[in-house]
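Colleague: Encoded as structure tokens, here's the structure I'll be asking about.
2 protein chains.
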Amino acid sequence: MKRPTIADVARRAGVSKGAVSYALNGQPGVSEATRRRILDIATEIGFSPSSAARALSGATANAVGLALCRPARTLGIEPFFMELISGVEAELSARSYALTLQVVADPDAEIEVYRRWWAERRVDGVLLCDLRTEDRRVPALEKLQLPAVVIGGPEHTGNLAHVWSDDAAPLVETVEYLVALGHRRIARVAGLPSLQHTRVRTEAFTQVCRRAGLTEAVTVWSDYTGEEGARATRRLLSSAGRPTAVIYDNDVMAIAGLSVAQEMGLAVPADLSLVAWDDSPLCRLVHPPLTALGRDIPAYGAHAARLLLAVIAGQPASGTQDETAHLTPRGSTAPPRSH
Amino acid sequence: MKRPTIADVARRAGVSKGAVSYALNGQPGVSEATRRRILDIATEIGFSPSSAARALSGATANAVGLALCRPARTLGIEPFFMELISGVEAELSARSYALTLQVVADPDAEIEVYRRWWAERRVDGVLLCDLRTEDRRVPALEKLQLPAVVIGGPEHTGNLAHVWSDDAAPLVETVEYLVALGHRRIARVAGLPSLQHTRVRTEAFTQVCRRAGLTEAVTVWSDYTGEEGARATRRLLSSAGRPTAVIYDNDVMAIAGLSVAQEMGLAVPADLSLVAWDDSPLCRLVHPPLTALGRDIPAYGAHAARLLLAVIAGQPASGTQDETAHLTPRGSTAPPRSH
DNA sequence: CTGAAAGCGCTTACAG
DNA sequence: CTGAAAGCGCTTACAG
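Spelled out as structure tokens, the structure:
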């Protein structure tokens with residue numbers, strides 16, 4: 001099958017290629033009647049402008065890049081990324097933008113991908129995930145002047161546009177809720193310490209615990225995988241004066257923690273209360289269902305995509321705050337039995 | 001920052017643009033010394049050829065398309081797709097191919113995406129997932145003559161290349177294992193009946209149960225979500241002569257089933273054995289860990305990507321069989337208590 | 001082995 | 001409002 005070109009449309013419409021181009025792009029320069037006729041013919045013969053030719057003529061690539069810097073096994077298991085991608089995609093495809101995805105091994109490889117995308121003119125802009133505290137990717141993108149939106153922040157984003165969610169408030173809400181239930185020994189299994197949002201959460205946790213007069217607030221570090229989440233939980237539950245409540249930085253670790261509690265013969269929630277960050281269908285899948293901190297992740301992705309398209313269109317970089325996660329109490333939290 | 005072009009490289013090397021092109025693409029026509037010098041200069045000034053210009057000159061788009069036709073909420077929770085994407089990506093990026101992703105609402109929208117990608121020359125080929133029994137997408141792709149690899153089969157793939165895995169043998173292995181444990185009432189919670197691999201599994205299940213003399217082999221239909229998996233399990237466990245073992249078509253439904261069993265006061269595996277298809281880290285996350293049918297999904301994706309690149313390079317469409325899933329017994333299967 | 005030139009399919013000033 | 005033409009940055013026959 002031969003692909004139709006703009007010349008085919010022009011010939012059948014009896015106009016120049018330029019006129020077809022104007023008609024297709026909604027530019028002035030053709031009469032309304034002619035535009036209508038041209039569009040009808042284009043639809044009829046199944047014409048879509050070549051993205052390559054369009055990109056080459058100085059227009060945009062009509063594509064946006066997303067590099068994911070996580071090992072394959074954690075990428076698959078965390079619903080977060082797919083939900084984010086769904087939201088990004090919904091927004092992009094509504095505007096006929098393509099999403100180019102690449103999985104990278106580390107931040108330096110990611111910078112290399114950005115450089116190549118830029119040099120190849122393959123994308124008009126990129127979305128940056130998993131913001132770190134000293135993030136080399138931010139100055140690299142600024143230097144390339146490649147339009148970008150950081151999914152995270154609001155700090156350490158340089159001059160880049162960003163969409164962020166308050167990570168401190170939900171933790172405060174959760175600790176106060178647990179304290180109200182009567183818990184005094186609350187622990188937290190945190191995600192990767194190199195990530196900026198982990199730092200924000202850790203600081204918030206420390207502060208709210210101090211404010212509530214809890215002396216035994218302990219944070220242990222993990223990497224979002226079930227294995228590490230289980231190991232951290234085992235360590236916490238084996239210690240003298242074990243916690244009566246644990247807050248996890250993602251759903252996967254919380255489910256692993258629930259499993260460890262059951263394996264150690266502890267009843268949830270009577271002996272141990274559990275709270276998961278990243279509420280997802282996984283949290284409702286287990287027994288008891290997990291109390292969780294959640295928000296609309298596809299909407300977050302859509303929000304970021306919309307902002308990126310605005311930046312590509314030339315609007316100044318801005319930071320906008322997205323919805324704050326809220327606590328949904330379910331069966332995994334209750335007053336401690338000893339209380 | 002101005003992006004370097006082939007002309008910049010040519011100027012600094014003191015050769016023509018044509019020579020640079022030959023050097024970069026490993027074509028004959030330049031001496032080895034000149035090629036070396038040109039490549040060094042290209043690296044030095046950070047040159048990568050414009051993908052648009054390349055695509056326009058009749059070369060390839062250097063991109064491959066993947067359309068996902070599942071609602072956002074199931075996409076996120078099933079590790080399968082992200083693992084598949086990781087594998088596809090690893091293979092593609094090693095050859096400097098980009099992956100273009102699009103989430104679509106239904107098969108017709110998916111065909112429309114293919115048609116647009118083809119007309120825009122945006123991709124050189126596509127990967128097709130979730131093969132159906134009467135799949136309109138297959139003839140549509142054949143008509144477009146867009147290189148394609150079906151992830152599934154080996155039937156109903158038309159003339160398209162495909163990578164498939166035997167869906168019957170693992171089910172036979174599982175049923176025989178359960179029968180050997182002493183189970184006589186085995187049920188199956190199946191995935192979407194419109195998918196080809198569901199049909200293959202259902203037929204295999206019916207046959208092996210008949211062969212083993214099981215009269216009560218029952219299949220109930222679901223949609224891969226935890227909600228539906230839970231509902232199907234509740235129905236099965238409430239029936240007279242409830243099964244002593246249940247096989248699920250994915251990990252998410254199996255975990256939901258485990259939760260329902262616990263909620264109904266049934267001990268797993270003493271009162272009820274559970275087997276999950278799609279072994280993933282999720283299966284090891286719960287308590288007891290789930291006996292599961294698994295195989296290397298990233299490798300499956302890599303395999304499909306490699307085949308697609310071969311088809312794009314002009315090799316004839318072929319069907320190749322991938323690894324067969326194998327059973328990993330864990331804590332969720334045992335002889336039935338009543339036995 | 002190298003250079004000059006056409007052409008891929010668009011967009012966009014520039015004349016009419 | 002429309003047409004003819006240049007140009008985007010490559011690739012690839014075609015001469016030398």
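If you're matching them up, the sequences are chains A and B in order.
Everything in the first sequence is counted per the UniProt record's numbering, starting at 1 for the first residue and increasing by one.
Everything in the second sequence is counted per the UniProt record's numbering, starting at 1 for the first residue and increasing by one.
Heads up, the beta-carbon is just placed ideally off N, CA and C, and yes, glycines get one too.
#1: Can you tell which of A:286, A:301, A:296 has its C-alpha closest to the C-alpha of residue 330 of chain A?
#2: In three-state DSSP terms, what is residue 24 of chain B?
#3: Let me know the beta strand (DSSP E) ranges lying completely inside the region 215-264 of chain B, each 3 residues or longer, listed in chain order.
#4: Are any of the Cβ atoms in chain A nearer than 8 Å to that of residue 100 of chain B?
#5: Applying the criterion that 16 or more other CB atoms from any shown protein chain within 10 Å of the CB defines a buried residue, is residue 18 of chain B buried or exposed?
#6: In three-state DSSP terms, what is residue 51 of chain A?
#7: Using C-beta distances below 7 Å, list every residue in its chain close to residue 135 of chain B, excluding the 5 sequence neighbours before and after it, in chain order.
#8: State the start and end residues of the unbroken alpha helix (DSSP H) segment that holds residue 213 of chain B.
#9: Is there a Cβ from chain A that is less than 8 Å from the Cβ of residue 277 of chain B?
#10: Residues of the region 216-239 of chain A with a CB closer than 9 Å to any CB of chain B: list them in chain order, please.
#11: Taking the continuous alpha helix (DSSP H) assigned at residue 133 of chain B, which residues delimit it?
#12: Tell me which same chain residues have a C-beta within less than 7 Å of the C-beta of residue 343 of chain B, skipping the five on either side of it?
#13: How is residue 291 of chain B classed by DSSP in three states: helix, strand or coil?
#14: With H, G and I counted as helix, E and B as strand and the rest as coil, what does DSSP make of residue 306 of chain B?
#15: Roughly how many whole angstroms lie between the Cα atoms of residue 59 of chain A and residue 309 of chain A?
#16: Could you compute how far the alpha carbon of residue 210 of chain A sits from the alpha carbon of residue 262 of chain A?
#17: Between which two residues does the alpha helix (DSSP H) carrying residue 174 of chain A extend?
#18: Using DSSP with H/G/I as helix, E/B as strand and the rest coil, what is residue 188 of chain B?
#19: I'd like to know whether the C-beta atoms of residue 312 of chain B and residue 243 of chain B end up nearer to each other than 8 Å.
#20: Report the partner residues of residue 321 of chain B according to the DSSP bridge assignment.
#21: Which chain B residues sit within Cβ distance under 7 Å of residue 332 of chain A?
#22: Please check if any C-beta of chain A sits within less than 8 Å of the C-beta of residue 6 of chain B.
#23: With DSSP as the reference, please indicate the residues paired to residue 326 of chain A in a beta bridge.
#24: What is the DSSP secondary structure of residue 141 of chain B, reduced to helix, strand or coil?
#25: Does chain A have any CB closer than 8 Å to the CB of residue 41 of chain B?
#26: Go ahead and label residue 326 of chain A buried or exposed: buried means 16 or more other beta carbons lie within 10 angstroms of its beta carbon, across all protein chains shown.
#27: Does residue 303 of chain A come within less than 8 Å of chain B when only Cβ atoms are used?
#28: Counting C-beta neighbours from all protein chains within 10 Å, is the total for residue 215 of chain B 16 or more, i.e. buried, or is it exposed?
#29: State yes or no: is the beta carbon of residue 348 of chain B nearer than 8 Å to at least one beta carbon in chain A?
#30: Which one of A:220, A:284, A:184, A:223 has the shortest CA to CA distance from residue 228 of chain B?
#31: In chain A, which residues lie less than 8 Å from residue 298 of chain B when you measure between Cβ atoms?
#32: Could you give the DSSP three-state label for residue 280 of chain A: helix, strand or coil?
#33: How many angstroms separate the CA atom of residue 122 of chain A from the CA atom of residue 116 of chain A?
#34: Please report whether the beta-carbon of residue 345 of chain A lies at a distance below 8 Å from any beta-carbon of chain B.
#35: On a Cα-Cα basis, can you pick out the residue from A:114, A:70, A:248, A:172 that is closest to residue 103 of chain A?
#36: Do three or more CB pairs link the region 81-92 of chain B to the region 286-303 of chain B at distances below 8 Å?
Modeller: This is what the structure holds:
#1: A:286
#2: helix
#3: 218-221, 245-248
#4: yes
#5: exposed
#6: helix
#7: 156
#8: Where residue 213 of chain B is concerned, there is no enclosing alpha helix (DSSP H), given that its DSSP letter is neither H nor E.
#9: no
#10: 225, 226, 227, 229, 230
#11: Neither: residue 133 of chain B is in no alpha helix (DSSP H) and is coded neither H nor E.
#12: Chain B is shown from 1 up to 339; residue 343 of chain B falls before or after that span and cannot be answered.
#13: strand
#14: helix
#15: 14 Å
#16: 30 Å
#17: 168-181
#18: strand
#19: no
#20: B:164
#21: Chain B residues near residue 332 of chain A: none, gap ~12 Å exceeds 7 Å.
#22: no
#23: A:294
#24: helix
#25: no
#26: exposed
#27: no
#28: exposed
#29: It is not possible to answer for residue 348 of chain B, since the shown part of chain B is limited to 1 through 339.
#30: A:284
#31: 72
#32: coil
#33: 8 Å
#34: In the structure as shown, chain A begins at 1 and stops at 339. Residue 345 of chain A is therefore absent and cannot be evaluated.
#35: A:70
#36: yes
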